[in-house]
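Number of protein chains: 2
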Amino acid sequence: MRDFFQLPPDQIYLCGNSLGPLPRETSGRLANLIEAQWGRDLVRCWNRHGWMELPLRTGDKIARLIGAGPGEVVVADSTSVNLYKVLCAALSHQARVAPQRSIVLTEDENFPSDLYIAAELCRERGFELAAVKEEAALSAAIDERVAVLLLTEVNYRSALRHDMKNLTRLAREAGALTVWDLSHSAGAMPLDLTEAGPDFAVGCGYKYLCGGPGAPGYLWVNPGLAGACVQPLTGWMGHDRPFDFKQQYEPAPGIGRFLCGTPPILSLAALECGLDLFLAAEPLGGMGAVRHKSLGLSRLFMETVKAWGIESGLRVVSPAEPARRGSHVALSLEGELSGAGYAVMQALIARGVIGDFRAGEPGNAARPDLLRFGLTPLTLGFAELARALGHLRDILDRREWRQERFTKREKVT
Amino acid sequence: MRDFFQLPPDQIYLCGNSLGPLPRETSGRLANLIEAQWGRDLVRCWNRHGWMELPLRTGDKIARLIGAGPGEVVVADSTSVNLYKVLCAALSHQARVAPQRSIVLTEDENFPSDLYIAAELCRERGFELAAVKEEAALSAAIDERVAVLLLTEVNYRSALRHDMKNLTRLAREAGALTVWDLSHSAGAMPLDLTEAGPDFAVGCGYKYLCGGPGAPGYLWVNPGLAGACVQPLTGWMGHDRPFDFKQQYEPAPGIGRFLCGTPPILSLAALECGLDLFLAAEPLGGMGAVRHKSLGLSRLFMETVKAWGIESGLRVVSPAEPARRGSHVALSLEGELSGAGYAVMQALIARGVIGDFRAGEPGNAARPDLLRFGLTPLTLGFAELARALGHLRDILDRREWRQERFTKREKVT
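Those protein sequence lines, which keep their order, are chains A and B.
For what it's worth, the working numbering labels the leading residue of the first sequence as 1, then goes sequentially.
For what it's worth, the working numbering labels the leading residue of the second sequence as 1, then goes sequentially.
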């Protein structure tokens, strides 16, 4: 699959969990859309070139990657906006059927961005946002006071993967609705929403899905629930008949009601290029093969670092058990390397190994500084990863990270 | 300025108020962004190529077109999402300082999409959405019960332009906040938000601003108010220090708090190409010259149709008084042409004259079927518009609209 991507030849790119690499098709398809469609057919493109269908068409493609059915997923807006929509829908539903439930349950380690959206919404609607500090405390906290369980399947720092099926079952048994953020899962492993049976899911288009910078997000609603949902961003694209321009809003019957404004066609078309590569990989084993490769890459990475021993200063934070981890590897820094995470990453980048550094919370042992390495199975090879590890070993052996050019902090991305 | 746009040579495009034409630069700039930036520098583009600054940088460019200051406008999300943000901010503000105010005042003829957003939000927050039926009733309805006055400056059907300055003053004197939608104004006429002094404004990037299909929208908040606003879409880009990844949301000090998720870079970069053409027009007279041309075009159009007399079956709906109209012309259909609006437009399109047909509300004389012609001053010439009028006259004279190929309804855009 690597041949379908354009990658800089002098870099080993380990940030595909932050911004996925560029599909070779994207530039040409966008040029065609701009020049041959917009430039030639102008406003008539909406019908003539299927622009109107893009949010649902790309949604159907994502559905195949996350184990959802056709017509169950829309692509629209950003992940944060989509999270807001589904969390509002979930809270409105519970306020109607179970008004005594007052808690939105999440964890401290969830995406900060998800926590921001949830916290403000809970404040506005009079719910309590309860964030457990440790994964082990989650199951016990799911009780009859919980309105919504809000989790991200794969942790963006540690790569810890929750047991979505089990936690969803526990929530359902306790009468809570579930909202899952799949931003660090979809495109890296097979998912089966139909089997796991949560109520809502959202995710990101620009990470593993290779949709380009700021690609729109997506959202899925359990088909048994979608037509009964009320969400607050009632824009015209969510109307049952948008081109009637009626003054009254009438929501589309199913998932379409989660659309809002006019879709960003250029960004959507770029996302479709990434999705098409995942569909092209289906005859080669699809997401099962992608996951097999991903786990092989992370195992190589983790076992190599573990073999160096803790005297190297590096400790693997990501789970050893395959079923428990996503598709990136996180390392914390100890001993001589304490506080040197930024410099180590700068030294790696100078050698063409592009990972990222995530600062921890000073004084909080549960949130150490991390080196984070995304392993994108469609593009990353084992030999390439081994070379990256060689560079890392070299940097430690030569104490290259002590050089002033690496320790000097610039703007952090 | 026309040379800076790529227009199909065999068409007269009169739908720039729906989807603006393609700037010649757009395709090349997008190709460069995709191949030389994303494909080469990947995640490091956010700093290296100024992607992080795009929402505020494009906002500053729009600010110059609408009479706002630098740092007062952000580009983000869709117009509907932005309207939701500012309307929430306005209602939250009033709930704090004037809780007895219970009405959001608008008009029946506002954009349906704006009405949808406002109606659902009012329902959720316990406000009454009061929509006056006639413009003349607006001033009298602005009283001490009104929390927010929500209007679109230029009506999307009739092209009627409100007196923003006066209505804003009346609202301010009555203690109401004002939200203006500039989607059919910005890029077609000079605006001066600083002088008019409303509280909030939103607008669209894909109409007169030529930002491409589904280009992000923008929003402006009066600088005296921005830092005190609470809006519910508290995504990470609105955080004061997004890259600290703190668990607590801390809003950016000013307009930045109205950003939400990761910005759609491809769509933003395309919008910037359109904006740059408006800035390039500044030495040629800028928005004053644009408005002068626009009024000349609409006058030519309206006076020609009026000269045909009402026996032509066409009646000009748009205001004759220049200060009272936007940059499109709307015609209703009478006599023999009653009910034939769709067919007349199809006949025009077959001759390469691209306008649009907006169905009215059966039985409601205040909402007739309309032929709508957008006049985009940067690209449309007087001779070209005269040719379009010649085609329209021919279609009427030959009763071309009676042909079955034009009367058969297909999907409406």
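Every residue, glycine too, gets a C-beta built ideally from N, C-alpha and C.
query: When the cut-off is 7 Å and only beta carbons count, does P319(B) lie next to chain E?
result: Among the chains of the structure shown, chain E does not appear; the protein chains present are A and B.
field: Near-chain A residues of the region 97 to 119 of chain B (beta-carbon distance less than 7 Å), N- to C-terminal order
entry: D108, P112, S113, L115, Y116, I117 and A119
field: Strand pairing of Q6(B), partner residues [DSSP]
entry: L22(B)
Under the three-state DSSP convention, the category E134(B) falls into: coil
C-alpha distance - P112(B) paired with L371(B), whole-angstrom precision: 18 Å
- request: Please check if any C-beta of chain B sits within less than 7 Å of the C-beta of R40(A).
  value: yes
query: Are the beta-carbon atoms belonging to A159(A) and S318(A) less than 7 Å from one another?
result: yes
message: With a threshold of 8 Å on Cβ separation, who are the neighbours of P253(B) within its own chain once the five nearest residues in sequence on each side are excluded?
response: G227 and D240
- prompt: Sorted by chain position, which residues of the same chain lie with C-beta nearer than 7 Å to W38(B)'s C-beta, five sequence neighbours on each side aside?
  reply: Leaving aside the five residues that flank W38(B) on each side, the residues in its chain whose CB is nearer than 7 Å to its CB run, in chain order, C45.
Buried versus exposed, by CB contacts within 10 Å (16 or more), K408(B): With fewer than 16 other Cβ atoms within 10 Å, it is exposed.
query: Mind checking if Y208(A) is an interface residue toward chain B, Cβ cutoff 7 Å exclusive?
result: no
- request: Counting only the same chain and skipping the five closest in sequence on each side, list residues whose C-beta sits under 8 Å from that of K133(B).
  value: E107, D108 and A366
query: Under 7 Å between C-beta atoms, does Q6(A) make it to chain B?
result: yes
Where I255(B) falls: helix, strand or coil (DSSP): helix
message: Rounded to whole angstroms, what is the Cα-Cα separation between I349(A) and E334(A)?
response: 21 Å
field: Whole-number beta carbon distance between V148(A) and V104(A), since they are thought to touch under 8 Å
entry: Contact flag correct, Cβ pair sits at about 5 Å.
query: Do V43(B) and L19(A) have their CB atoms nearer than 7 Å?
result: yes
task: Write down every uninterrupted run of the alpha helix (DSSP H) in the region 102 to 165 of chain A whose length is 4 residues or greater and which is fully enclosed by it, in chain order.
output: 112 to 125 and 138 to 141
- request: Please list the partners that F373(B) has in chain A, where partner means a Cβ-to-Cβ separation under 9 Å.
  value: Within 9 Å Cβ-Cβ: nothing; F373(B) doesn't reach chain A, min ~13 Å.
task: Would you verify that the beta carbon of T152(B) is, or is not, closer than 7 Å to some beta carbon of chain A?
output: no
task: Would you mind telling me which residues of chain A sit closer than 8 Å to F414(B), beta carbon to beta carbon, in chain order?
output: There is simply no residue 414(B) to check, as chain B begins at 1 and stops at 413 in what is shown.
field: Contact list for Y342(A) against chain B, beta-carbon separation under 8 Å
entry: Simply none; closest approach about 12 Å.
- prompt: When DSSP builds the beta bridges, which residues end up paired with Y218(A)?
  reply: V75(A) and G203(A)
task: List the residues of chain A that L19(B) touches, going by C-beta distances under 7 Å, in chain order.
output: L42 and V43
field: Cβ-Cβ separation, C15(B) to G374(B) (assumed contact under 8 Å), whole Å
entry: 5 Å
task: Taking the CB atoms as reference points, tell me whether L115(B) and Q247(A) lie closer together than 7 Å.
output: yes
message: 7 Å is my cut-off, CB to CB: does A270(B) come that close to chain A?
response: yes
query: What's the gap between the Cα of E120(A) and the Cα of A89(B)?
result: 13 Å
query: Roughly how far, in whole angstroms, is the beta-carbon of L271(A) from the beta-carbon of G363(A), given that I think they are within contact range, below 8 Å?
result: With 8 Å as the limit, L271(A) and G363(A) do not qualify as a contact, their Cβ atoms being about 40 Å apart.
message: If contacts are defined as beta-carbon pairs under 8 Å, then G67(A) and S78(B) qualify, I think. What distance do you get, rounded to the angstrom?
response: At roughly 29 Å, the Cβ-Cβ gap does not stay under 8 Å, so G67(A) and S78(B) are not in contact.
task: Compare the Cα-Cα distances from R40(A) to each of Q6(B), E311(B) and R123(B) and report the closest residue.
output: Q6(B)
task: Spatial neighbours of A130(B) within its chain, please: CB distance less than 6 Å, with the 5 preceding and 5 following residues excluded, ordered by chain position.
output: I103 and L105
field: Interfacial residues, the region 221 to 246 of chain A to chain B, with Cβ spacing under 9 Å
entry: V230, Q231, P232, L233, T234, G235, W236, M237, G238, H239, P242, F243, D244, F245 and K246
message: Would you say I265(A) lies against chain B (beta-carbon separation less than 7 Å)?
response: yes
query: Short check: CB of I12(B) to CB of V316(B), under 7 Å?
result: no
- prompt: Using a beta-carbon distance below 7 Å, is A347(B) in contact with chain A?
  reply: no
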